[in-house]
Amino acid sequence: MDWPVDHFAEHRNNKVGRYAVTTKNLEAGDVILQESPFVVGPLKDSEFVCLACYKTLENPIALCKTCGWPVCSEECSKNAWHKEFECSVFTNCRMKYRIEHIPGPQLECITPLRFLMCIDRNRKRWATEVCAMEDHSTARRLDEKAWDAEWNNVVWFLRDRCRLSDRFTEDMIRKVCGILDVNAFQVPVTHGFVRAIYPKTAVLSHNCVANTQHTIPPDSLILTLRTTTYVSQSDELFSSYTSCLLPTPLRREYLRKSKYFECTCDRCEDPSELESHVNSLHCISCDNGSLLPVEPLHGFKTTWKCHFCGKKMLGNEVAILYEKISKEIEEMESIKISDEKLIAAEQILKSYRLILHPNHAFNIMVYHTLSQLYGRAKGYTLDMIPDTLLERKIFCCQKVLECLSIVGPGQTRLRGATLYELQLALRLTNRTKHEYKELNDKEYEQETERVITMLEECITILEREHHETNEAKLAKMAAKSLDYLLRRPDLSTVNQSEVI
Numbered sequence: 054m055d056w057p058v059d060h061f062a063e064h065r066n067n068k069v070g071r072y073a074v075t076t077k078n079l080e081a082g083d084v085i086l087q088e089s090p091f092v093v094g095p096l097k098d099s100e101f102v103c104l105a106c107y108k109t110l111e112n113p114i115a116l117c118k119t120c121g122w123p124v125c126s127e128e129c130s131k132n133a134w135h136k137e138f139e140c141s142v143f144t145n146c147r148m149k150y151r152i153e154h155i156p157g158p159q160l161e162c163i164t165p166l167r168f169l170m171c172i173d174r175n176r177k178r179w180a181t182e183v184c185a186m187e188d189h190s191t192a193r194r195l196d197e198k199a200w201d202a203e204w205n206n207v208v209w210f211l212r213d214r215c216r217l218s219d220r221f222t223e224d225m226i227r228k229v230c231g232i233l234d235v236n237a238f239q240v241p242v243t244h245g246f247v248r249a250i251y252p253k254t255a256v257l258s259h260n261c262v263a264n265t266q267h268t269i270p271p272d273s274l275i276l277t278l279r280t281t282t283y284v285s286q287s288d289e290l291f292s293s294y295t296s297c298l299l300p301t302p303l304r305r306e307y308l309r310k311s312k313y314f315e316c317t318c319d320r321c322e323d324p325s326e327l328e329s330h331v332n333s334l335h336c337i338s339c340d341n342g343s344l345l346p347v348e349p350l351h352g353f354k355t356t357w358k359c360h361f362c363g364k365k366m367l368g369n370e371v372a373i374l375y376e377k378i379s380k381e382i383e384e385m386e387s388i389k390i391s392d393e394k395l396i397a398a399e400q401i402l403k404s405y406r407l408i409l410h411p412n413h414a415f416n417i418m419v420y421h422t423l424s425q426l427y428g429r430a431k432g433y434t435l436d437m438i439p440d441t442l443l444e445r446k447i448f449c450c451q452k453v454l455e456c457l458s459i460v461g462p463g464q465t466r467l468r469g470a471t472l473y474e475l476q477l478a479l480r481l482t483n484r485t486k487h488e489y490k491e492l493n494d495k496e497y498e499q500e501t502e503r504v505i506t507m508l509e510e511c512i513t514i515l516e517r518e519h520h521e522t523n524e525a526k527l528a529k530m531a532a533k534s535l536d537y538l539l540r541r542p543d544l545s546t547v548n549q550s551e552v553i
């Protein structure tokens, strides 16, 4: 069941087609809409997973006693999304799951099949909300390998092997696959990830500086869309289909390949990325300037040029550099929380200190990682690290927050989590400075009030998250810390239990 939408209206224009605006002034954090998914199912390139709870299955694969497809338990075999959809189809056509085959191609048909069956069962919602969703069939057809694989794994399989040619045409199956590719949300659930279609939320256009954020609890899968900043009545609502902590060429490449459109938002068009400089390079020729892309919408085909001395760097050279750094960051992020990971992160910053702008996206990504490692990694826990490394943690948090204020403004999960890390370090350093008379009583009180404000904002942002998430756990710990500070502001202590 969906809820009445009071703050959301759909419009159309020739540039983007459908888009959404607010019907009243909204403060940051206000609910715009809530909706249940039209369809839910496994990811396109799924592992061996239970078709009800999506838990990864190990050999020997457990199979549904009715249809012979993967489920992890008798209880899961009775789950409505399985029993009332593919289970009945596979039982009728006697199509068993082939355990010896790789999972992806076989499970690729599940979500499209559920989608098609949902259309039959909910014609009204299909007609009013879902049918108009973009499928980009022309663009998708250009990838012949993927197009042919889809025909084999979904179209032919459903129409021929599952004997559904009388129910579903090839065009309809292709349309459904396209809608899923272009519009599906990847949703974390208790045991993994699923993809789901939320038709109303999908009306929002993309912008690389969004003013909304959604939450989806893994148990109910009911999406809640909120504003992250103040939005005036009739202003457009935007979501972001990619990470705000990516430079323009990488964001636009992702959107082009996965969403089949070229983003031309204000951020993408601006060489400085709204003065954030997340795509700027340090000029080694003059040491005073920064190299910015001359034509940012041309990706790596453009040239980076210093605004101070005119020094240039070819786009293909930048592409090679970005690929190298991306790989190093990916390798660093694959390491479990440890002193090894922390050292690797600091080494990346050191290696490219004279190449990247201090505010470059790659630096911000690493600062974000370090903001969490200082206080958690072995040998760097809160009860062990010296004040100099607490200051390092503070610096990393501040760099992330400065960047977010431009490219990811407002009440975002990343801001809430970073505020939590920042207040941990500030409480410890403030305490030490007060003890050594670097802060007098009044200054210490002012700094404590600043920490209290951070905790209050952190709680406001993160308490909206599902109770099983790390963000919700941070909100609970922040609430305890806030209560402690309000009762005993003179004892601004921190212990390791405040870190997860």
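Using the working numbering, the letters of the sequence shown map in sequence onto residues 54 to 553.
Note that the Cβ used here is the ideal one computed from N, Cα and C, for glycine as well.
{"Asked": "Within 8 Å, strictly: CB atoms of Ile514 and Arg484", "Found": "no"}
{"Asked": "Endpoints, beta strand (DSSP E) assigned at Leu278", "Found": "Leu276 to Thr280"}
{"Asked": "Pairwise C-alpha distance: Asn132 and Gly461", "Found": "38 Å"}
{"Asked": "Within 8 Å, strictly: CB atoms of Leu290 and Ile85", "Found": "yes"}
{"Asked": "Inter-residue CB distance, Gly368 and Thr355 (contact presumed, cutoff 8 Å)", "Found": "5 Å"}
{"Asked": "Stretch-stretch touch, CB-based, cutoff 8 Å, three pairs: the region 477-497 with the region 334-341", "Found": "no"}
{"Asked": "C-alpha distance - Leu96 paired with Leu299, whole-angstrom precision", "Found": "24 Å"}
{"Asked": "Own chain partners of Leu278 with C-beta closer than 6 Å, once the 5 adjacent residues on each side are dropped", "Found": "Ile85, Leu86, Thr254, Thr265 and His267"}
{"Asked": "Own chain, CB closer than 7 Å to Tyr251, minus 5 neighbours either side, in chain order", "Found": "Glu88, Pro90, Phe238 and Leu276"}
{"Asked": "Which of helix, strand or coil DSSP assigns to Ile163", "Found": "helix"}
{"Asked": "Of the listed residues Tyr405, Tyr537 and Leu116, nearest to Phe13 (C-alpha basis)", "Found": "With the chain running from 54 to 553 in the structure shown, residue 13 is simply not present."}
{"Asked": "Contained beta strand (DSSP E) runs [length at least 3] in the region 75-146, N- to C-terminal order", "Found": "84-88 and 92-94"}
{"Asked": "Start-to-end residues for the alpha helix (DSSP H) that takes in Arg468", "Found": "Arg466 to Glu488"}
{"Asked": "Outcome for Asn66 when other beta-carbon atoms lying within 10 angstroms are tallied against a minimum of 16", "Found": "exposed"}
{"Asked": "Opening and closing residue of the beta strand (DSSP E) in which His64 lies", "Found": "Ala62 to Asn66"}
{"Asked": "Ile172 (DSSP reduced to helix, strand or coil)", "Found": "helix"}
{"Asked": "Under 8 Å between C-beta atoms of Glu223 and Val208", "Found": "yes"}
{"Asked": "Stretch pair the region 325-333 + the region 410-417: three plus CB contacts closer than 8 Å", "Found": "yes"}
{"Asked": "C-alpha gap between Gly432 and Asp392, whole angstroms", "Found": "7 Å"}
{"Asked": "Continuous beta strand (DSSP E) stretch holding Lys358: start and end", "Found": "Thr356 to Cys359"}
{"Asked": "Arg480 beta carbon less than 8 Å from that of Val504", "Found": "yes"}
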